[in-house]
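In our numbering, the protein residues as written are 646 to 789.
Note that beta-carbon positions come from the ideal geometry of N, C-alpha and C, so glycine has one too.
Since the model is a prediction, treat every value here as computed from it, not as a measurement.
Here is the structure we will look at, set down as structure tokens.
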């Protein structure tokens with residue numbers, strides 16, 4: 646639990662939270678433009694992170710990628726053009742809701758689903774990372 650509190654202290658400071666906010670806004674614009682993907686958002690952001698501290702830089706890349714994938718739902722729902730490849734799976738359903746006058750509900754379902762998926766993935770990573778790290782340390786090179 647000490648590692649978790651140490652990580653929380655590194656992430657929840659003013660500098661890192663500001664970087665996360667700016668990266669999320671960047672990811673929102675990139676993801677909402679059809680044709681620009683979350684991978685492209687990461688590629689555009691990486692040169693800016695070269696001169697940053699490691700924790701805010703990694704947080705910026707994660708925030709922009711997650712927000713770009715979430716924002717890809719917006720044009721898919723409203724225009725029937727998926728903003729990211731991840732949004733292509735449910736464009737027909739979301740656009741069908743938009744045609745029925747339920748665009749807000751469709752966007753809300755997409756945002757809540759994305760949030761729940763992100764939180765579930767975080768919990769799975771939190772539980773499995775220490776186990777996988779111990780397993781990975783058991784590997785060694787054949788040369789030794």
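When secondary structure is reduced to three states using DSSP, residue 786 falls in the coil class, being assigned neither helix nor strand. Residue environment for residue 672: buried (at least 16 other C-beta atoms within 10 angstroms of its C-beta). Under the 10 Å beta carbon count, residue 696 is surrounded by fewer than 16 other beta carbons and is classified as exposed. Each residue's CA atom was taken as its position, placing residue 766 and residue 745 some 32 Å apart. Taking each of 674, 664 and 708 in turn and checking the Cα distance to residue 698, the smallest one comes out for 664.
Inter-residue distance for residue 743 and residue 759 is about 19 Å (C-alpha atoms, whole angstroms). The beta carbon of residue 700 sits closer than 8 Å to those of 655, 656 and 661, all from its chain and outside the five residues before and after it, given in chain order. Your pair residue 705 and residue 694 checks out as a contact, with CB atoms roughly 6 Å apart and the cut at 8 Å. Scanning its chain for C-beta atoms nearer than 7 Å, with the 5 sequence neighbours on each side dropped, one finds around residue 668 the residues 690, 705, 708 and 709, in chain order.
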